[in-house]
Every structure is written in C-alpha cells, then in structure tokens.
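Numbers in my numbering are just positions in the sequence shown, counted from 1, shifted up by 6.
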Amino acid sequence: MKILVTGGLGFIGSHTVVELQNEGFDVVIIDDLSNSSAEVLEGITAITNKKPLFKKLDLKVKSEVQDFFNHHNDIAGVIHFAASKAVGESVNEPLMYYENNINTLVYVLQELTKLNKKNFIFSSSCTVYGQADELPITENAPVKPAESPYGNTKQIGEEIIRDTCKVNGDFNAIALRYFNPIGAHPSAEIGELPIGVPQNLVPFITQTGLGMRDQLSVFGGDYPTPDGTCIRDYIHVVDLAKAHVVALQRLLTGKNDSNFEFFNLGTGVGSSVLEAIHAFERVSNKSLKYEIVDRREGDIISAYAETSKANNILGWKTQLTLDDAMASAWKWEQKIRNK
Ligand code: UD1
C-alpha cells in the first residue's frame, strides 16, 4: 500500500518513514529540502534496507501539487508533516508561516478531496492548549488563543481539516497533538538536524555536551514547579513515529469513530529542565555546564499529556524513557559531528 509522507526527510517525518517501511508500507516522500537534507534518505535506507521514493517538491506551488497527485493516483493515505516550526521565526515572519503551513495544507486537501482520497494524518501540537488550566492535559482542554503565528497555523490547520471533514463525509482525518519530541533513531542513522543555534532544549544540551556551546542557559529558575524550572512531556521520536503508523492503520481499516479525530501524543510524565539535564548527564557520563537565566518570553510553565485516549482508542503507548531518548540524541550528535 502506497503512503505519501510530506516533509518525510524532516525530524519526525524521517522516523515515521522508517516505521512505515518496517510495517511493509511503500512510502513516497515529498520534501522541499528547506529544512532537511537528501542525505536523510541514506539513513532511512540503511535502517530499513529499502529506499523510499523521493520527490523534491515545493507544496506552495499549487500546479506542482496537482501534477504530483495526477501522477500518483494510487496513494492510500497521506501523513502531512511538511511545515515550518520555529516559533521565534514565525513571530518575525508571520506571512511566510501562513503561506508555508496553511497554503500547502489547503492545496494538499484540495487534491485529496478532488481525487476522492480518504485518509489523512495531520501533524499538530500541544501548543494548541497554551497553558492549560488542568494537568495532565486531556483532549477536552480548551484550545487557547495561539501565542505565535506558528501555534496559530496548527490551530487553523485543525479547523481547516475539521471543516473539510464536515462536507466530505468519506474523508477521514486524524490530528496528532505532539508534546515535546526528542531523541533519535537508536541506530544513529537519522536524528534531528537543527540549522544554526538550536532553539529547542535537547539539541542545545547535546551540542553543549560536545563542547560546541559553552554552556546551556536554563530559561527561568523561579517557576512555581518543584525545582523552579519549566515542565514538559518529552516523548521519544521513535515512539511518536509508531503512533503515526497506528493512526494510519486505524483509518485504513475504517476503525475510526468519526471522520475527524484528534489525540494527544505524549508519555504522560512531566520532566523539568533540570531533570532533562540530569538525564543527559546520567547517560553520557558528562557533567553539563549550565546557568539559570531569565525566563524566555512566551514559555508556558508546565505541560504534560493525559494519554489515556491514545492508549485506549489507538492502542498505542510510549515504550521508551527520557534516558533512552537522551542516550539516542547523544549518540546521534556524536556521530554527526565526528563525520
Ligand atoms: C517549542 C515550541 C512549541 C513547539 C515545540 C516543538 C516555544 C515557546 N514553543 O516548545 O510551540 O511545538 O518547541 O518542538 O518555542 N529551554 C531552556 N534552555 C534552552 C532551550 C529550552 O531552558 O536553551 C527550556 C524551555 O524554557 C522549556 C524547555 O526547555 O521549558 C523546552 O523548550 P523547547 O525545547 O524549546 O520546547 P518548548 O518551548 O516546550
């Protein structure tokens, strides 16, 4: 069965392609390489012994999207990762974010509905909840006004899909709301490839561990949490990737309860920034130089998932720990820098 993965050479996309191929799916990847590299294909091939089909394509060009679907009319499902994801950049370049994340989604949905293609998985985020009033965060928590254009594109994206499902009764979609994806494939053949100075915690930790950065700034030590630092639900990217396969299979076998569903994907465990640092120190046998500095604007205090909906309905559960994730991120960082 042929599955299209947009953004399939990115961080979460590439790990999902591996899990899809492990389950026997034929994968076609579309990626514009704006924040990824064609070398990732080699990593995927090394792990799975199978090279996925790859087409470099810019989803912002509507005619190219139309051409693509006209030539690949045997696609059974789409997992749509292609999007920009840097929160700070989105604040400075909102229109670029709306074009990259919204126009492209609309073009893909237009082709899918036109061709009567039915199964669509959307890459959403726990950012839609903002600072939730109750923890852990259930799927019933209200969607809060977005803090950034990036966050807004995830909210609007879900709304666009919901509206599309309303008028296309046989179009099925699942939005997956990720908590904080981290780690790398245990083989260290694929992982996260941040361009420039990493904004996210784990790549900054591993680069500091390697000596590429002098020290880590811990953003805020006076939050109302047990150790004063922010709390997040760090989920291993391999666990996250597997959830996409399970969600896709749910649609392909018609097991979905309604034609638009959404699930939180997290571990259910909240870890503080200091706990994340200590996990890194444990698995690397290194002590990490860090300093507690001012809070980062826009950060929420605490977010971790209530996972029972995904556990019970999707039949999926995380299997890997924070230490597993840190160990894999560390192995990957060492490998790419020693090349
Ligand atoms: C961020 C985005 C979120 C997005 C997610 C994708 C923001 C405000 N939110 O989540 O919308 O979906 O990435 O991965 O950017 N930290 C430090 N020092 C650092 C970096 C981070 O202390 O150098 C802390 C942060 O304050 C936060 C935690 O580490 O408490 C995690 O930060 P990060 O990895 O950037 O993820 P989020 O901010 O949770």
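Ideal placement from N, C-alpha and C gives every residue a C-beta, glycine not left out.
Take residue 131, set aside five residues on each side of it, and the residues of its chain with a beta-carbon closer than 8 Å to its own are 157, 160, 183, 184, in chain order. Assignment of alpha helix (DSSP H) within the segment 30–110, counting only whole runs of 4 or more residues, yields 46–54, 68–77, 93–98, 100–104 in chain order. Secondary structure at residue 178: strand, using DSSP grouped into helix, strand and coil. Beta-bridge partners of residue 269 (DSSP): 182. Residue ranges of uninterrupted beta strand (DSSP E) with 3 or more members, entirely inside the segment 110–174 and ordered along the chain, are 125–131. A straight line joining the alpha-carbon of residue 299 with that of residue 75 spans about 49 Å. The segment 274–286 makes contact with the segment 322–332: 3 or more CB pairs, one atom from each, lie closer than 8 Å. Per DSSP, reduced to three states, the secondary structure at residue 287 is helical.
At a cut-off of 7 Å, the beta-carbon of residue 156 counts as near the ligand UD1: some heavy atom of the ligand is closer than that. C-alpha of residue 188 to C-alpha of residue 206: approximately 9 Å in a straight line. In this structure, 254 is the residue among 7, 56, 254, 305 with its C-alpha nearest to the C-alpha of residue 126. Burial is judged here by how many other beta carbons sit within 10 angstroms of a residue's own beta carbon; residue 73 has fewer than 16 and is exposed. For the ligand UD1, a non-hydrogen atom lies closer than 7 Å to the CB of residue 210.
One alpha carbon belongs to residue 198, the other to residue 154, and they sit about 23 Å apart. When the beta-carbon positions are compared, residue 224 and residue 279 come within less than 8 Å of each other. Cα atoms of residue 234 and residue 302: separation of roughly 14 Å, rounded to the nearest angstrom. Residue 236 and residue 339 have their C-alpha atoms some 24 Å from each other.
Here residue 85 has 9, 11, 22, 127, 250, 254 as same chain residues with Cβ atoms under 7 Å from its own Cβ, once five neighbours each way along the sequence are excluded.
Our two residues, residue 163 and residue 186, have alpha carbons roughly 19 Å apart in a direct line. Counting along the chain, the unbroken alpha helix (DSSP H) around residue 334 starts and ends at 328–343. In the DSSP assignment, residue 297 is bridged to 223.
Contact between residue 143 and residue 311 holds, with the beta-carbon distance rounding to 6 Å and staying under 8 Å. Residue 15 sits close to residue 47, with the two beta carbons spaced by under 8 Å.
Placement of the Cβ of residue 223 at a distance of less than 7 Å from at least one heavy atom of the ligand UD1 is found.
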